[in-house]
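What follows is a single structure, written as structure tokens, with notes after it.
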Amino acid sequence: MHRLFVGLRPPAAIRQRLLSIMGGVPGARWQDDDQLHVTLRYIGEVQRPVAEDIALALGQVHWPRIDATVSGVGEFDARGRPNALWAGIAPHEPLKGLHRKIDQALVRLGLESERRAYLPHITLARMNAAAGSNDRFLADHAGLSSERFTFTHFTLFESHLGSAGASYESVARYPLD
């Protein structure tokens with residue numbers, strides 16, 4: 001089985017900026033440089049023939065390059081408990097449009113449509129029940145921003161789960177027009 005997702009990697013300078021603000025939340029599992037990305041579409045586990053079809057279908061997706069900036073921080077929660085800290089990416093509309101195009105291509109293959117609302121972000125940390133409060137981190141970095149950068153391609157990634165967390169392998173890259 002192959003555990004797949006489609007994402008965008010920000011440039012090295014942007015990743016370094018994000019790495020520089022990580023810390024200050026006891027028990028948070030901070031992402032490392034190789035894990036920093038914007039997820040466009042989570043796919044999940046598929047058999048090899050389906051993975052090959054996905055790779056081909058993504059090659060038919062055409063979208064312009066996307067100019068973006070890092071914009072603020074936030075948290076996701078499950079059942080009222082924070083489970084992730086993230087940095088926002090703006091503007092949302094070009095990323096949401098690319099997300100929809102990719103989702104449509106995958107639905108045509110027979111995969112289920114993405115049901116969650118799409119919010120462009122880069123996960124900074126994963127939280128468990130033992131993690132401390134995020135309030136200080138969120139307040140200190142509420143105004144987080146970056147210089148403008150350009151996404152020139154998107155990538156099909158395979159995720160490998162291990163004792164140290166997930167590692168991501170680039171399977172295929174697709175240029176943005």
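Sequence positions in the sequence shown follow UniProt numbering and run 1 to 177. Just so you know, even glycine gets a beta-carbon here, dropped at the ideal spot from N, CA and C.
Quiz item: Which first and last residues belong to the alpha helix (DSSP H) in which G97 is found?
Solution: Here residue 97 corresponds to residue number 97 of the sequence shown, with the count starting at 1. Where G97 is concerned, the enclosing alpha helix (DSSP H) stretches over 92-108.
Quiz item: Closest by CA to S163, which one among V73, G24, R29, R115?
Solution: One-based indexing of the sequence shown puts residue 163 at position 163. Cα-wise, what sits closest to S163 is R29.
Exercise. For M127, count neighbouring C-beta atoms within 10 Å of its own C-beta (all shown protein chains included) and say buried if the count is 16 or more, exposed if not.
Key: Within the sequence shown, the letter at position 127 stands for residue 127. Classification for M127: buried.
Quiz prompt | R81, DSSP secondary structure in three states | solution = If you number the sequence shown from 1, residue 81 lands on position 81. Reduced to three states, the DSSP call for R81 is strand.
Quiz item: Are the region 146-159 and the region 2-9 in contact at 8 Å, needing three or more beta carbon pairs?
Solution: yes
Quiz item: Excluding sequence positions up to five away, which residues of its chain have a Cβ less than 7 Å from the Cβ of A78?
Solution: Position 78 of the sequence shown, counted from the start, is the residue given in the question as residue 78. Once the five neighbours on either side are set aside, A78 has no close Cβ partner at all.
Quiz item: Buried or exposed: which applies to V25, given that a residue is buried once 16 or more other Cβ atoms fall within 10 Å of its Cβ?
Solution: Here residue 25 corresponds to residue number 25 of the sequence shown, with the count starting at 1. Answer is buried; the Cβ neighbour count reaches 16.
Practice problem: Go through its chain and collect everything with a Cβ distance to S146's Cβ below 7 Å, but skip five positions before and after it. | Solution: By one-based count along the sequence shown, residue 146 stands at place 146. So the qualifying residues of the chain are I14, R17, T69, V70.
Quiz item: Does the distance from the C-beta atom of T39 to that of A84 stay below 8 Å?
Solution: For the purposes of this step, residue 39 is taken as the residue at position 39 of the sequence shown. For the purposes of this step, residue 84 is taken as the residue at position 84 of the sequence shown. Contact: no.
Self-check item: Proximity test, Cβ basis, 8 Å: G162 and chain D
Solution: Protein chains in the displayed structure number just one, and chain D is not present.
Practice problem: Counting only the same chain and skipping the five closest in sequence on each side, list residues whose C-beta sits under 8 Å from that of R41. | Solution: Taking the first residue of the sequence shown as position 1, residue 41 is located at position 41. Result list for R41: F5, V6, H99, I102, D103, L106, E114, in chain order.
Practice problem: Reducing DSSP to helix, strand and coil, say where D67 ends up. | Solution: On the sequence shown, position 67 is the one that residue 67 refers to. Strand, per DSSP.
Self-check item: Rounded separation between D34 and A125 - CA only
Solution: For the purposes of this step, residue 34 is identified with residue 34 of the sequence shown, where counting begins at 1. For the purposes of this step, residue 125 is identified with residue 125 of the sequence shown, where counting begins at 1. C-alpha separation (whole angstroms): 13 Å.
Quiz item: Roughly how many angstroms separate the alpha carbons of H141 and H92, rounded to a whole number?
Solution: Taking the first residue of the sequence shown as 1, we reach residue 141 at position 141. Taking the first residue of the sequence shown as 1, we reach residue 92 at position 92. Those two C-alpha atoms are separated by around 19 Å.
Self-check item: 6 Å Cβ shell around G74 - same chain, five flanking residues per side excluded
Solution: Looking up residue 74 in the sequence shown gives position 74. Here the set comprises W86.
Self-check item: Boundaries (first-last residue) of the alpha helix (DSSP H) holding V50
Solution: For the purposes of this step, residue 50 is taken as residue 50 along the sequence shown, with counting starting at 1. V50 -> alpha helix (DSSP H) spans 48-58.
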